[in-house]
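Number of protein chains: 2
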Amino acid sequence: MNDSFFQLPDNKRNKIINAGFRVFSQYTYKKSPMSEIAAEAGISKSLLFYYFKNKKELYLYLCRYSVEVTQQAMIEQNCYDNEDFFDVFLSGLKVKVQLMKSYPELSVFQLKAYYEKDKELRPEINRLIGQYSGFENQADSLGLKKEKFADGLDLEMMYKDMYYASEGYLWEKLQNNDIDPDKMEKDFVRMIGFWRKLYSRNNNEE
Amino acid sequence: MNDSFFQLPDNKRNKIINAGFRVFSQYTYKKSPMSEIAAEAGISKSLLFYYFKNKKELYLYLCRYSVEVTQQAMIEQNCYDNEDFFDVFLSGLKVKVQLMKSYPELSVFQLKAYYEKDKELRPEINRLIGQYSGFENQADSLGLKKEKFADGLDLEMMYKDMYYASEGYLWEKLQNNDIDPDKMEKDFVRMIGFWRKLYSRNNNEE
DNA sequence: TCCTTACTGACCGAATCGGTCAATGACATT
DNA sequence: AATGTCATTGACCGATTCGGTCAGTAAGGA
Numbered sequence: 107m108n109d110s111f112f113q114l115p116d117n118k119r120n121k122i123i124n125a126g127f128r129v130f131s132q133y134t135y136k137k138s139p140m141s142e143i144a145a146e147a148g149i150s151k152s153l154l155f156y157y158f159k160n161k162k163e164l165y166l167y168l169c170r171y172s173v174e175v176t177q178q179a180m181i182e183q184n185c186y187d188n189e190d191f192f193d194v195f196l197s198g199l200k201v202k203v204q205l206m207k208s209y210p211e212l213s214v215f216q217l218k219a220y221y222e223k224d225k226e227l228r229p230e231i232n233r234l235i236g237q238y239s240g241f242e243n244q245a246d247s248l249g250l251k252k253e254k255f256a257d258g259l260d261l262e263m264m265y266k267d268m269y270y271a272s273e274g275y276l277w278e279k280l281q282n283n284d285i286d287p288d289k290m291e292k293d294f295v296r297m298i299g300f301w302r303k304l305y306s307r308n309n310n311e312e
Numbered sequence: 107m108n109d110s111f112f113q114l115p116d117n118k119r120n121k122i123i124n125a126g127f128r129v130f131s132q133y134t135y136k137k138s139p140m141s142e143i144a145a146e147a148g149i150s151k152s153l154l155f156y157y158f159k160n161k162k163e164l165y166l167y168l169c170r171y172s173v174e175v176t177q178q179a180m181i182e183q184n185c186y187d188n189e190d191f192f193d194v195f196l197s198g199l200k201v202k203v204q205l206m207k208s209y210p211e212l213s214v215f216q217l218k219a220y221y222e223k224d225k226e227l228r229p230e231i232n233r234l235i236g237q238y239s240g241f242e243n244q245a246d247s248l249g250l251k252k253e254k255f256a257d258g259l260d261l262e263m264m265y266k267d268m269y270y271a272s273e274g275y276l277w278e279k280l281q282n283n284d285i286d287p288d289k290m291e292k293d294f295v296r297m298i299g300f301w302r303k304l305y306s307r308n309n310n311e312e
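In order, the protein sequences belong to chains A and B. Mapping of the first sequence onto this note's numbering: residues 107 to 312, in sequence order. Mapping of the second sequence onto this note's numbering: residues 107 to 312, in sequence order.
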């Protein structure tokens, strides 16, 4: 990987990165042409090979970068130092949405990478992305304390409901290519508000 | 399209159809190789071209067939002659799940077809699939009568919650290649039960 | 024996893809 | 002005892939 890639002005470098995210998330690794990435980034294929010595290097760089930028965003959005369950959930969604502003296809790219089957890639992807750090495993760590919720509520079902609804919403928008981060954030805020009122012990407040 | 294709025994014909669904739903139309479909169906590429005169004909046949078989299932499951909102919703989900038993990739195929961008295919796909007949437009026609639900409930949000959660669930299972129709149906029944209790006016019953 | 029909493997021309390379132009140094 | 460095390109290459064809084969029925 050539150093000059990092000396590039941000907008030009991001254009290449986003082109990579887009192409690799639309096709399989093997069926993703370097030529298409170059064209979409507005540079020649040769130059792309000047920055990255081959396709594999570009792909793995994008993997690393996607993880890096996600973690960075999680920290900036201070996702963890909230104690209210609904606030934590919302801040997690905000990160996803915020990231889409800069990298619309990042989340799809990560998902595809997670399921990529290419033999010579699989081990390295595992090393980079590791366990999928989605929401579904966080149920326990989110401090679900029964006292705060309505009587007789099935907390597990509540969590699944919220998790799947969020995923379903995001997935539909991505499929529709209807990516409007600000609208998404508003939708999520409204959705969380709906749930908070529905699930909380005292729903006559607010 | 050769008649002999229809004279095939069901299992052999379905093997070809499912191979087509799988390949076309994994890749774009253009990047879906006839050879891969043939191999997965256990026949020679030549024979596939004996049944269908070219790739386009096979693809469009699969489009027609997917619509046909879906409508058939909707009728058999008598989706429409139910009056309770939750029952209607559940029967719709049951159709999807039931279809997966015979054609695991059908729903993904239809979705991909809906978003396929190939120029010479686009108009014909529109003619065959038409408006996407998902759940999201059915909200009004499902007879949502306020009296039946809890006080002050935002019915639109309730519907969106249920719709997106179902989509999110299905989508995750499809991505994970974790397709177990019976388990899915049980999950849906449980989920609908949760919602019914949560949203209904008298939730002390049941 | 002859005809039809289901089916195959070998083959073809065209396109695509990953990757290379010589050349060019911009710019800084001498 | 001459030299050197480096970003950038288009043309090119060999390998592979892909849609589609075709001659041929094996099976069965007339």
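Backbone N, C-alpha and C define an ideal beta-carbon position, used for all residues, glycine too.
Close beta carbons around residue i, own chain, < 7 Å, minus the five adjacent residues each side
i      : result
B/K121 : A147 and G148
B/G126 : I143, L164 and L168
B/N188 : V194 and S197
B/D224 : Y135 and K136
B/Y305 : F255, A256, L259 and M264
Own chain residues within Cβ distance below 8 Å of residue i, not counting five before or after
i      : result
B/L154 : I122, M140, I143, A144, A147 and L164
B/A271 : M297
B/E311 : Unreliable placement is indicated for B/E311, whose pLDDT of 44 sits below 50; the coordinate value is still reported in the next sentence. Closer than 8 Å at the Cβ level, and outside the excluded window around B/E311, lies no residue.
B/K202 : S213 and L276
A/C185 : V194, S197, G198 and V201
B/R307 : E253, K254, F255, A256 and D257
A/E87  : The shown model of chain A, from 107 to 312, leaves out residue 87 of chain A, and the question about it has no answer.
B/E226 : K162
Length of the line joining the Cα atoms of residue i and residue j
i      : j      : result
A/A179 : A/V194 : 14 Å
B/P229 : B/L168 : 15 Å
B/R119 : A/Q281 : 31 Å
B/L57  : B/K303 : The shown model of chain B, from 107 to 312, leaves out residue 57 of chain B, and the question about it has no answer.
A/G299 : A/Y135 : 40 Å
A/S150 : A/E211 : 22 Å
B/L67  : A/D116 : Here chain B comprises residues numbered 107 to 312, so residue 67 of chain B is not present and cannot be evaluated.
A/F130 : B/V295 : 37 Å
B/Q216 : A/K207 : 29 Å
A/F192 : A/L261 : 13 Å
A/S172 : A/Y209 : 9 Å
B/K252 : B/L166 : 43 Å
B/D109 : B/R170 : 16 Å
B/Q183 : B/P287 : 15 Å
A/I285 : A/G274 : 14 Å
A/N283 : B/K279 : 22 Å
B/S152 : A/S152 : 38 Å
A/K162 : B/M268 : 41 Å
A/R233 : A/K289 : 35 Å
B/Q177 : A/Q177 : 45 Å
Extent of the continuous alpha helix (DSSP H) to which residue i belongs
i      : result
B/G198 : F191 to S208
A/F215 : L212 to Y221
A/Q178 : K161 to E182
B/P139 : It is not in any alpha helix (DSSP H) - B/P139 carries neither H nor E in the DSSP assignment.
A/E273 : L261 to Q281
B/E230 : R228 to I235
A/F158 : Neither: A/F158 is in no alpha helix (DSSP H) and is coded neither H nor E.
Proximity winner among the options, relative to residue i (alpha-carbon distances)
i      : options                           : result
A/M107 : A/Q132, A/N160 and A/V129         : A/N160
B/E291 : B/F300, B/K200 and B/F158         : B/K200
B/V175 : B/M264, B/N124 and B/K151         : B/N124
A/W65  : A/K289, A/D284, A/K266 and A/K151 : Beyond the ends of chain A as shown, which are 107 and 312, falls residue 65 of chain A; an answer cannot be given.
B/L114 : B/E273, B/S152, B/Y157 and B/N283 : B/Y157
A/K218 : B/A256, B/Q132 and B/E222         : B/Q132
A/M263 : B/M263, B/K254, B/D293 and B/F255 : B/D293
A/D190 : A/Y269, A/L250 and A/K225         : A/L250
Beta-bridge pairing of residue i - partner residues as DSSP gives them
i      : result
A/S131 : Answer is none; A/S131 lacks a bridge partner.
B/S152 : DSSP lists no partner for B/S152.
B/S306 : B/F255
Residues near residue i by beta carbon distance below 6 Å, same chain, minus five either side
i      : result
B/N309 : Reliability fails at B/N309, whose pLDDT of 49 lies under 50, so the model's placement of it is uncertain and the value that follows must be treated cautiously. These residues qualify, in order along the chain: K303.
A/F111 : Y157
A/K137 : none
A/R128 : E211
B/I181 : none
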